[in-house]
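Have a look at the structure below before the remarks.
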Amino acid sequence: MAGKTLYDKLFDAHVVRTENDGTALLYIDRHLVHEVTSPQAFEGLRLADRKPWRVDAALAVPDHNVPTDAVERARGITDPVARIQVETLDNNCTEFGITEFKMDDIRQGIVHVISPEQGATLPGMTLVCGDSHTATHGAFGAMAFGIGTSEVEHVLATQCLIQKRMKNMRINVEGTLGAGVTAKDIVLAVIGEMGTAGGTGYAMEFAGSAIRDCSIEGRMTICNMAIEAGARVGLVAVDDVTIDYVKGRPYAPSGDLWEQAVNAWSDLHSDSDAVFDKEVHLDAASIKPQVTWGTSPEMVAAVDANVPDPARETDTVKASSMEKALKYMGLEANTPLSSVAIDKVFIGSCTNSRLEDIRAAAAVIKGRKVAANVKLAMVVPGSGLIKQQAEREGLDKVFIDAGFEWREPGCSMCLAMNADRLEPGERCASTSNRNFEGRQGQGGRTHLVSPAMASAAAIAGHFVDVRDF
Amino acid sequence: MEKFEKLKGIVAPLDRSNVDTDAIIPKQYLKSIKRSGFGPNAFDDWRYLDPGEPGMDNTVRRKNDDFVLNQSPYDTATILLARENFGCGSSREHAVWALTDFGFRAVIAPSFADIFFNNSFKNGLLPIALDAAVVDDLFKKVHAKSGYKLEIDLTSQRITTEEGDEIAFDVDEFRKYCLLNGLDDIGLTLKHADDIRAYEQQRKQSAPWLF
Ligand code: SF4
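So the protein lines, in turn, are chains A and B. Mind the numbering: the first sequence is residues 1 to 469 in the working numbering, read in order. Mind the numbering: the second sequence is residues 1001 to 1211 in the working numbering, read in order.
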């Protein structure tokens, strides 16, 4: 018998029962909750007179709507609709007895940043959240995926989900990344290669020496964007990097339990003879810094390339979506990407707001100034603890001296539910994960890049190859 | 959940691929703590010429007459036809609520994003994936005749065109059963409460650090 993939091991360990058509009832170990996708689920529980099955498996935090302005945070959210939503989360957590890191808690931050930081994300877990970027936690060898609100309610009520097994895909990235090229560039290159639907129906395991060389932060960046290639689940096998990161965190096991857990985690990798439904190979050394040029993450190119020309695309449906995208983005075909000037810079989001990202950005910015044509450049750390640590290292001063704003943690301009947003027509170098129309504000134009590339663009006033910077 | 057995209705052609959930319902409407009322803001950025905010009176906003759902008879369509990877992007179930609140009961496309696909079934919206060539053919028919109708029969898993042609489609047995009967799957899962407890007992032995 062939060996098992990591995904299949995780799936099999969580099956409560299986129906005749192969649908399984899966047990969920960790349920992360935020303010946007949970109110209707709690309301559903109340209407049906149901109780949460296991409150200690849940951990809640407000992140999407919270202000990143310190004054507004202290005073209370100005937008009344957003305020009600955050208060609703507070009230629901109190009523049902769920642990919540409230807005004034130093541990508050983006849901996908705080859970790993606290050790609430552990290898071997099933972990869900009403948020598509839940794939992030797969960096720990956990089976993590985003769910809708009905499923949030289902997990609250039963601690289980009804799931079909996904197919297995492995993305092998071998070799060494060039200087200035980061995990973000790997994942953007993967999405460019696969297309936004290339991973639909698959669990996507990232493997190869370039992935093993990544820190846990870099692995989270990569798994985070698996969903942008259509895969609900991203995965990386457990190794010493994983275990060293988890050790000693507040929610991680300790003492004898730690030894027992580490022992069990040593099996969390695909067996050498496991068979994947699809394998993709990438050469790390050939990946250049990436910039998206369109309105879908697959519309991506190397920074030294030109904006592509729809006239050269033979698939008519594709050509027409390229044309639509270029029109929306206000770009001419065949323009060098490095000549495209920007209005705003956003360093943050669950893709790139961890300490490693902030350090990488600061390293580029140190001693330089934001270009005069850049109206706003902001750094939004992923959590209160990251912000605190960055300040201990003096990184806040590096940014502020250069002309950046240094903000409070939250999702912020990743999706612009709070006051941080693009105005119509504004162009942004953003370290987030989605460049959809209107994502960062109606009419706003988003270019996805790594933290180092966003920083270099802030200084130059236009995109620039960070390797020559 | 509303049952789904048979549906005959007008098909609205949304000739785009990668229609994402941000486009189906923009983020500002996600601040609502309700499940209803999203219909008037479905495809808000494409439907209206002026920017929308929650709480606005949508009837007085300037409509984009070029957008298909603003044109008669598509404003009363119950079936949406689109290109590949429909519903990609965020997990927001609000996208499904916006489509059903608008009046849609089925979406036909060559492919769907996984989370959107799942969410649809929980809300009585039937997503049907057909071959790209078949979808392309349907687009031609719908473009050729305004108000073109399709009939969908979930029991027999067949779509009937106006010309009387039949197109078979796939649907998971369990999802079909829930849709046909309008069943709440939490209730179904709780019938297995003993199995869940037994699993927990066994896991507490094998992986005690998870409890
Ligand atoms: S940072 Fe952006 S992508 Fe991540 S959870 Fe928040 S809104 Fe979603």
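Even glycine gets a Cβ: it sits at the ideal position worked out from N, Cα and C.
Proximity of E1162 (chain B) to chain A, defined by a Cβ-Cβ separation below 8 Å, is not satisfied.
Spanning the alpha carbons of A74 (chain A) and E408 (chain A) requires a straight line of approximately 11 Å.
With its beta carbon less than 8 Å from one in chain B, M417 (chain A) belongs to the interface. The beta carbons of W1209 (chain B) and Q159 (chain A) sit no closer together than 8 Å.
Per DSSP, I84 (chain A) is one residue of the alpha helix (DSSP H) stretching across 80-96. Pairing A48 (chain A) with C93 (chain A) gives a Cβ-Cβ distance that is not under 8 Å. Neighbours of F436 (chain A) in chain B, taken as residues whose beta carbon is under 8 Å from its own, are D1020, D1022, A1023, G1089 in chain order. Counted as a single uninterrupted DSSP element, the beta strand (DSSP E) harbouring Y202 (chain A) occupies residues 202-207. Residues of the segment 1132-1155 of chain B with a C-beta less than 8 Å from any C-beta of chain A: none at all.
In terms of side-chain proximity, the C-beta atom of C414 (chain A) is found nearer than 7 Å to a non-hydrogen atom of the ligand SF4. A distance of 8 Å or more separates the beta carbons of M194 (chain A) and Y7 (chain A). Rounded to the nearest angstrom, the gap between the Cα atoms of G461 (chain A) and A305 (chain A) is 18 Å. L1126 (chain B) and D1185 (chain B) have their alpha carbons spaced roughly 16 Å apart. Residue environment: L1049 (chain B) is assigned as exposed (fewer than 16 neighbouring CB atoms within 10 Å of its CB, all protein chains considered). Comparing alpha-carbon positions, the option among B:P1013, B:L1007, B:R1197, B:R1175 lying closest to D1066 (chain B) turns out to be B:P1013. DSSP places L1150 (chain B) in the uninterrupted beta strand (DSSP E) bounded by 1149-1153. Nearest to D1170 (chain B) by alpha-carbon distance, out of B:T1189, B:L1130, B:T1059, B:D1136, is B:L1130. Within 7 Å of the C-beta of D239 (chain A) there is not a single heavy atom belonging to the ligand SF4. Sixteen is the threshold: since fewer than 16 other Cβ atoms of the shown chains lie within 10 Å of the Cβ of R312 (chain A), the residue is exposed. Comparing alpha-carbon positions, the option among A:V236, A:M225, A:Q290 lying closest to D267 (chain A) turns out to be A:V236. The residue among A:M329, A:S432, A:R467, A:F399 with its C-alpha nearest the C-alpha of G425 (chain A) is A:M329. Looking only at B:I1010, B:E1005, B:D1075, B:S1091, the smallest Cα-Cα distance to R1047 (chain B) is reached by B:D1075. Short of 8 Å from the beta carbon of T1078 (chain B), and not among the five residues preceding or following it, lie these beta carbons of its own chain, in chain order: L1007, G1009, I1010, G1103, F1104, R1105, A1106. At a cut-off of 8 Å between beta-carbon atoms, T1189 (chain B) makes contact with chain A. Boundaries around R427 (chain A) are those of the beta strand (DSSP E), 427-430, since no alpha helix (DSSP H) includes it. Between S432 (chain A) and chain B, the shortest Cβ-Cβ separation is not below 8 Å. Contact check between the segment 262-279 of chain A and the segment 35-50 of chain A: fewer than three CB pairs, one atom from each, fall below 8 Å, which does not count as touching. R30 (chain A) is bridged by DSSP to A:L127.
Minimum Cα-Cα distance from M225 (chain A) among the listed residues A:G175, A:N352, A:G109 corresponds to A:N352.
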